[in-house]
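Chemist:
Protein chains: 2
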Amino acid sequence: MADIQAFATQFTQEYYSTFDGNRADLAKFYRPASMLTFESDQVLGVENIVAKLVGLPFQTVKHAVSTCDVQPNNNNGALILVTGQLITDGESNPLNFTQVFQIFSDGTGPFVFNDLFKLVY
Amino acid sequence: MADIQAFATQFTQEYYSTFDGNRADLAKFYRPASMLTFESDQVLGVENIVAKLVGLPFQTVKHAVSTCDVQPNNNNGALILVTGQLITDGESNPLNFTQVFQIFSDGTGPFVFNDLFKLVY
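First to last, the sequence lines map onto chains W and B.
According to UniProt numbering, the first sequence holds residues 1 to 121 in order.
According to UniProt numbering, the second sequence holds residues 1 to 121 in order.
1) Take every Cβ of the stretch 101-108 of chain W, pair it with every Cβ of the stretch 88-95 of chain B, and state whether three or more of those distances are shorter than 8 Å.
2) Pull up the CB-CB distance for residue 116 of chain B and residue 69 of chain W, whole angstroms please, since I reckon it's below 8 Å.
3) Going along chain B in order, which residues have a C-beta closer than 7 Å to the C-beta of residue 10 of chain W?
4) Within 8 Å, do at least three Cβ pairs link the stretch 14-31 of chain B to the stretch 41-52 of chain B?
5) Taking the alpha-carbon positions, what's the residue 4 of chain B to residue 72 of chain W distance?
6) Let me see if you follow: with CB-CB separation under 7 Å, is residue 96 of chain B close to chain W or not?
7) Taking all protein chains shown into account, decide if residue 121 of chain B is buried (16 or more other Cβ within 10 angstroms of its Cβ) or exposed.
8) Taking the straight line between their C-alpha atoms, what separation do you get for residue 75 of chain B and residue 16 of chain W?
9) Using a Cβ-Cβ cut-off of less than 7 Å, give me the residues of the stretch 47-80 of chain B that come near chain W, in sequence order.
10) Whole angstroms is fine: what's the gap from residue 7 of chain W's alpha carbon to residue 35 of chain B's?
11) Within the same chain, show all residues whose beta-carbon is closer than 6 Å to that of residue 83 of chain B, passing over the 5 residues directly before and after it, in chain order.
12) Can you pull the chain W neighbours of residue 113 of chain B, defined as C-beta to C-beta under 8 Å?
13) Put residue 30 of chain B into one of helix, strand or coil per three-state DSSP.
14) Determine, using beta carbons only, whether residue 116 of chain B comes closer than 7 Å to chain W.
15) To the nearest angstrom, report how far apart residue 21 of chain B and residue 41 of chain B are at their CA atoms.
16) How many angstroms separate the CA atom of residue 62 of chain W from the CA atom of residue 118 of chain W?
17) Alpha carbon to alpha carbon, what distance is there between residue 23 of chain W and residue 50 of chain W?
18) Hey, does residue 40 of chain B have any beta-carbon neighbour from chain W nearer than 7 Å?
19) Nearest-angstrom Cα distance between residue 12 of chain W and residue 77 of chain W?
20) In terms of residue numbering, what span does the beta strand (DSSP E) encompassing residue 93 of chain W cover?
21) DSSP three-state call for residue 40 of chain B: helix, strand or coil?
Below is the structure:
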């Protein structure tokens, strides 16, 4: 990763664009060993992660990234901390959220190994 | 780490207790390869990290942890996502923050390899 900040910016744009467009397509970001902690619920593996995200109780969502900080990890990858706001369905008030992605690489390219999401009240 | 959630809870308690007590003592949590991104400012190494934290423009600070989620990483360590609130000096309004710690282990025990901190507005 020559330019890790550019990678992180591009990754988060693609991730949230996919999330807001068609959640089932988020499968491409995960692998069998991937972990998701979503509002303190823990799930493991691509099928379980996608099932969790697809099953969230809203029809539409729009994420807006406020900040995207990144550091290299020890695996030729990246640790990304996002803060932002999201709006679901017809709500008028956005919610603050924070999310961390740990990106590793395998033969097929970068993927999410660790994913932790929290709303911030 | 037999009980990673207990480790994460204990670590964050000790970290913020040290931060709020005597910031110079935070050196014990870092190593020469440690990275800190504090409000998007990046510093590397224990001396630079401690200098950054000690030099923050407040005299007193009190952190209160709201949530502490954790996952194992690939290095017999832990990836911890904290959300909470902090109050500096005589301010009356707490600020929301989020912080991620990537914990690795070496011969001397666990230490912080990645540290990213962001205020959430």
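Yeah, the Cβ is synthetic: ideal placement off N, Cα and C, and Gly gets one too.
Modeler: Taking the geometry as given:
1) Fewer than three pairs of CB atoms, one per stretch, sit closer than 8 Å, so the stretch 101-108 of chain W makes no contact with the stretch 88-95 of chain B.
2) Contact annotation, residue 116 of chain B with residue 69 of chain W: C-beta distance approximately 5 Å; criterion of less than 8 Å satisfied.
3) Ordered by position in chain B, no residue passes the 7 Å Cβ test against residue 10 of chain W, which lies about 18 Å from the chain.
4) Below 8 Å, enough C-beta pairs join the stretch 41-52 of chain B and the stretch 14-31 of chain B to call them touching: three or more.
5) Their Cα atoms are separated by approximately 23 Å.
6) Closer than 7 Å: yes.
7) In summary, residue 121 of chain B is exposed, with fewer than 16 beta-carbon neighbours lying within 10 Å of its beta-carbon over all protein chains present.
8) Whole-angstrom Cα-Cα distance: 28 Å.
9) Within the stretch 47-80 of chain B, the residues whose Cβ lies closer than 7 Å to some Cβ of chain W are 67, 69, 71, 73, 74, 75 and 79, listed in chain order.
10) Between residue 7 of chain W and residue 35 of chain B, the C-alpha separation is close to 18 Å.
11) Listed in chain order, the non-local C-beta contacts of residue 83 of chain B below 6 Å within the same chain comprise 66, 67 and 98, local neighbours out to five positions each way being set aside.
12) Taking the beta carbon of residue 113 of chain B as reference, the chain W residues within 8 Å of it are 73 and 74, listed in sequence order.
13) Three-state DSSP puts residue 30 of chain B in a strand.
14) Chain W has a Cβ within less than 7 Å of the Cβ of residue 116 of chain B.
15) If I take the Cα positions, the gap works out to 23 Å.
16) Their Cα atoms are separated by approximately 16 Å.
17) Cα to Cα, residue 50 of chain W sits roughly 7 Å from residue 23 of chain W.
18) Interface with chain W (7 Å Cβ-Cβ cutoff): residue 40 of chain B is included.
19) The alpha-carbon separation between residue 12 of chain W and residue 77 of chain W amounts to approximately 14 Å.
20) Per DSSP, residue 93 of chain W lies in no beta strand (DSSP E) and is assigned neither H nor E.
21) Looking at residue 40 of chain B - three-state DSSP - the assignment turns out to be coil, as it is neither helix nor strand.
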